[in-house]
Amino acid sequence: MAEAAAAPPEPTAEQAQATMRSRGYVVLLVIAAVVGVIVSFAAWGFLELVYQIQQELFTHLPHAVGYAHGPPKWWYFPVLGIGALITAFAIAKLPGRGGHIPAHGLATGGPPIQGVELPGIMLAAIATLGSGLVLGPEAPLIALGSGLGILLIRTARKDAPSQLTMVIGAAGAFAAVSLIFDSPLIAAVILIEATGIGGARLPLVVVPGLLAAGIGSLISLGMGSWTGLSTSAFSLGVLQLPKFARPDIAEFGWTIALALAIAVLAQIVVRGGLGTLQVVTRRLLVLLPLVGLI
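Here it is, written out as structure tokens:
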């Protein structure tokens, strides 16, 4: 993969305001809207495909072979093993090396995703999500949205400046991630935290991103109504918490204790994942399916 280009200099507040009032920025918003439409359709198709694969593997196929009350305990081992084998093939043999490494956490950075890398990244994502190896689609959606956005802008304009490519890639990521949340604002907050965008550059990126994310939310609603397929299978809504009058001292104490315990447990899991990564990468096609079975 090519080395990342040097980051563009941080604009001043006056430069950012002048840019947002310019005609070129209006054109940028139009491009972001078009990219948002295309990316949203692609992201919806990806999420729906993953859901249908899960239904086939864990509901319809077991029922078809005689397990009317659900798959037996041993059913998950071959499914996980095959999913891990497909993932290992995508990492070892296809461009992009399967994309984001979960053990590194949800963070962005590095060189932009190239169009040639998208098939391998999406194959690894579909195999891991469809077979139940991992649970969250956020990182694959960020890769799909940003990679497809960059591919579209570079197809339309091969000499597109790096700042334009960065903004359109971010808008694509906003649009893709918004499909799994009830509000595009949630997707915006997550991506701002993951990318570390701030300062005067923040509104330059957030406005096109929110536009694309809003379009993504509308397309998610429209596709559910048009196709009859419910987006509730993969969307994350507001949790329904039990009602209580007010928190007391004991509940605050339990919250702090649980937070500390979760932080320690999370560190153990992350360190274990990083250690496993160092071992598995030596012989992916052999060791990753074994890890998938565990």
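In the numbering used here, the protein residues as written are -2 to 291.
Just so you know, even glycine gets a beta-carbon here, dropped at the ideal spot from N, CA and C.
Here the alpha carbon of Val164 sits roughly 12 Å from the alpha carbon of Ala30.
Val47 and Ala185 have their C-alpha atoms spaced approximately 23 Å apart.
The bridge partners DSSP lists for Phe178 are Leu233. In this chain, the alpha helix (DSSP H) harbouring Gln52 covers 20 to 52.
With a cutoff of 8 Å on beta-carbon distance, Ala140 and Glu7 are scored as not near each other. Look at Leu145 here: in three-state DSSP terms it is helix. In the structure shown, the three-state DSSP call for Gly133 is coil. Close CB contacts of Gly33 within its chain, under the 7 Å cut and outside five residues either way in sequence, are with Ala168, Ala172, Leu208, Ala209, Ile212, Gly213 (chain order).
DSSP, reduced to helix, strand and coil, places Leu255 within a helical segment of the structure shown. By the CB criterion at 8 Å, Ile177 and Leu120 fall outside the cutoff. In this structure, the beta-carbon distance from Ile50 to Gly133 does not fall below 8 Å. Annotation for Leu282: the continuous alpha helix (DSSP H) segment containing it runs 281 to 290. In this structure, DSSP gives Tyr73 a helical state, which the three-state scheme calls helix. Per DSSP, the unbroken alpha helix (DSSP H) holding Gly117 starts and ends at 115 to 128. Take Gly112, set aside five residues on each side of it, and the residues of its chain with a beta-carbon closer than 6 Å to its own are Leu148, in chain order. Leu262 carries a helical assignment under DSSP once its states are collapsed to helix, strand and coil. Rounded to the nearest angstrom, the gap between the Cα atoms of Thr278 and Glu114 is 19 Å. Leaving aside the five residues that flank Leu284 on each side, the residues in its chain whose CB is nearer than 6 Å to its CB run, in chain order, Val277. 8 Å or more divides the Cβ of Leu54 from the Cβ of Val27.
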